[in-house]
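**Q** This is the structure I want to talk about, given as structure tokens.
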Amino acid sequence: MFRLVLLAFTLALPAQAQTLQQQFDQINAVAQKYADLRAARREGWRPFGGEVPLMGRHYQNKKLSPDLSVKDRIDFAKPANLVYATINGRQKLVALAYVVRRQPGEPMPVGFATSRDVWHVHDAAKILGALSESRPLIGAIGSRWFNRNIRQGDGRSEITMVHVWLIDNPKGRFASHNPRLAYLDLGLPDQRANDFDTARGLALLQKNGCGNALDAHLWLAGASFRKSRQIKSACRDIAAEIRAAAPSGIKTLEEKAKAGWRRLEDIQFMTLSDAERKRISALVEPGPGVCN
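Going by this note's numbering, the sequence shown opens with residue 3, and the numbers climb by one from there.
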């Protein structure tokens, strides 16, 4: 079920391909162990944050998740996060994430035995600065934590991470998002999944679809209650329009989903201020990654 193999996505030299397969073998063992969310919970894995559209929900274990620097060798049998997503109403393990904390200016981590792994960066200093703009109390608390844990420590303020998907991903094994998730959860033919805007529009039809898509961003932006209500109301209307297109067939549904998502993005852009949009860009990772 979770077997990861090299197939044709790498043109690695024999020794490199062998190393990569060994890394995947370690990942397969982890995937089998935690295929059932209940098994992960029994060992102390707990969720943080909500379910991210086209990604899932991350779980962390403070006792088992390693704290690595760029000088450390990554043990692929010890992921930092397990990622579960809702598919047909059930939680399924869909990806693992590996995390390395680094100092600004340090090289990116050496991860898989391929140049195709896609690492992205969360900058704790930038995040703290953005939060402090609209929330002085949170900023003060965060500054104390940052000074105690980062400045007076080893200065590793940048969190670099990579996902490895346990299910097929048309955007690549190491892409940050997977458009198939929306199709799978809605029972749609997932071989059609390839476009992010279409998949994000379809994800609005999932349980709490608008909340998953908007709540974190609007909170991070520091948007007012009025603005948040306006954007969420527009999202519910768009989701209803997309849902109404379902009887017309998958092609029409996809067209409506893509147009609906782009309209929602336009509404957010027009409703939020420059400062609010800037906070979102500082706090969340870049757009869906593509691994070619």
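Cβ coordinates follow ideal geometry from the N, Cα and C atoms, glycine included.
Would you call the CB atoms of Val102 and Ile169 closer than 8 Å?
**A** On the sequence shown, position 100 is the one that residue 102 refers to. On the sequence shown, position 167 is the one that residue 169 refers to. No. Outside cutoff.
**Q** Which first and last residues belong to the beta strand (DSSP E) in which Arg202 is found?
**A** Translated into the one-based positions of the sequence shown, residue 202 becomes position 200. Segment 198-205 is the alpha helix (DSSP H) holding Arg202; no beta strand (DSSP E) there.
**Q** Does the separation of the CB atoms of Tyr61 and Pro49 fall below 8 Å?
**A** Against the sequence shown, residue 61 aligns to sequence position 59. Against the sequence shown, residue 49 aligns to sequence position 47. Taking 8 Å as the Cβ cut-off, Tyr61 and Pro49 qualify as a contacting pair.
**Q** Which residues mark the beginning and the end of the alpha helix (DSSP H) in which Ala215 is found?
**A** Stepping through the sequence shown from its first residue, residue 215 is reached at position 213. Per DSSP, Ala215 belongs to the alpha helix (DSSP H) from 211-223.
**Q** Please report the distance separating the alpha-carbon of Ile269 from that of Glu135.
**A** Numbered from 1 along the sequence shown, position 267 holds the residue referred to as residue 269. Numbered from 1 along the sequence shown, position 133 holds the residue referred to as residue 135. Taking the straight line from one Cα to the other gives about 23 Å.
**Q** I'd like the span of the alpha helix (DSSP H) that includes Pro16, first residue to last.
**A** For the purposes of this step, residue 16 is identified with residue 14 of the sequence shown, where counting begins at 1. Looking at the DSSP string, the run of the alpha helix (DSSP H) that includes Pro16 is 16-35.
**Q** In chain order, what residues of the same chain lie with their CB nearer than 6 Å to the CB of Arg59, ignoring the 5 residues before and after it?
**A** Start at 1 with the first residue of the sequence shown, and residue 59 comes out as number 57. These residues qualify, in order along the chain: Pro49, Glu53, Tyr86.
**Q** Once DSSP output is grouped into helix, strand and coil, what is the label at Asp125?
**A** Taking the sequence shown and counting its residues from 1, one reaches residue 125 at position 123. Taken through DSSP and simplified to helix, strand or coil, Asp125 comes out as strand.
**Q** Going by DSSP, what residue range makes up the beta strand (DSSP E) through Ala99?
**A** By 1-based counting over the sequence shown, the position of residue 99 is 97. DSSP places Ala99 in the uninterrupted beta strand (DSSP E) bounded by 92-104.
**Q** Measure the alpha-carbon distance for Ala127 versus Ala284 and round it to whole angstroms.
**A** Locating residue 127 in the sequence shown gives position 125, counting from the first residue. Locating residue 284 in the sequence shown gives position 282, counting from the first residue. Answer to the nearest angstrom: the Cα atoms are 10 Å apart.
**Q** Would you say Thr162 and Ala259 are within 8 Å of each other, going by their C-beta atoms?
**A** Taking the first residue of the sequence shown as position 1, residue 162 is located at position 160. Taking the first residue of the sequence shown as position 1, residue 259 is located at position 257. Contact: no.
**Q** In whole angstroms, what separates the C-alpha of Lys73 from that of Gly131?
**A** Indexing the sequence shown from 1 puts residue 73 at position 71. Indexing the sequence shown from 1 puts residue 131 at position 129. Each residue's Cα considered, the two are about 28 Å apart.
**Q** Below 8 Å on the Cβ atoms is my contact criterion, and I expect Leu98 with Asn180 to pass it. Report the Cβ-Cβ distance as a whole number of Å.
**A** The residue you call residue 98 lines up with position 96 of the sequence shown. The residue you call residue 180 lines up with position 178 of the sequence shown. Not a contact, Cβ separation roughly 13 Å.
**Q** Tell me which residues share the same chain as Gln25 and place their Cβ nearer than 8 Å to its Cβ, disregarding the 5 neighbours each side in the sequence.
**A** One-based indexing of the sequence shown puts residue 25 at position 23. Excluding five sequence positions before and after Gln25, the CB atoms of its chain that fall closer than 8 Å to its own CB belong to Phe78, Phe114, Ala115, given in chain order.
**Q** Going by DSSP in three states, Leu70 sits in which element: helix, strand or coil?
**A** Taking the first residue of the sequence shown as 1, we reach residue 70 at position 68. Reduced to three states, the DSSP call for Leu70 is coil.
**Q** Please state whether DSSP places Glu278 in a helix, a strand or coil.
**A** Within the sequence shown, residue 278 is the residue found at index 276, counting from 1. Helix at Glu278.
**Q** In the DSSP assignment, find the beta strand (DSSP E) that holds Ile89 and state where it starts and stops.
**A** Residue numbering aside, residue 89 sits at position 87 when the sequence shown is read from its first letter. That run of the beta strand (DSSP E) goes 83-89.
**Q** Taking the alpha helix (DSSP H) that Ile233 belongs to, which residues open and close that run?
**A** For the purposes of this step, residue 233 is taken as the residue at position 231 of the sequence shown. Note, Ile233: alpha helix (DSSP H), 227-246.
**Q** Which of the three DSSP states, helix, strand or coil, is assigned to Trp263?
**A** As a first step, residue 263 is located in the sequence shown; it is residue number 261 there, counting from the start. Three-state DSSP puts Trp263 in a helix.
**Q** Would you report the Cα separation of His124 and Val164, rounded to the nearest angstrom?
**A** Mapped onto the sequence shown, residue 124 falls at position 122. Mapped onto the sequence shown, residue 164 falls at position 162. His124 and Val164: Cα-Cα distance of roughly 11 Å.
**Q** Does the region 235-249 touch the region 207-221, meaning 3 or more C-beta pairs lie closer than 8 Å?
**A** yes
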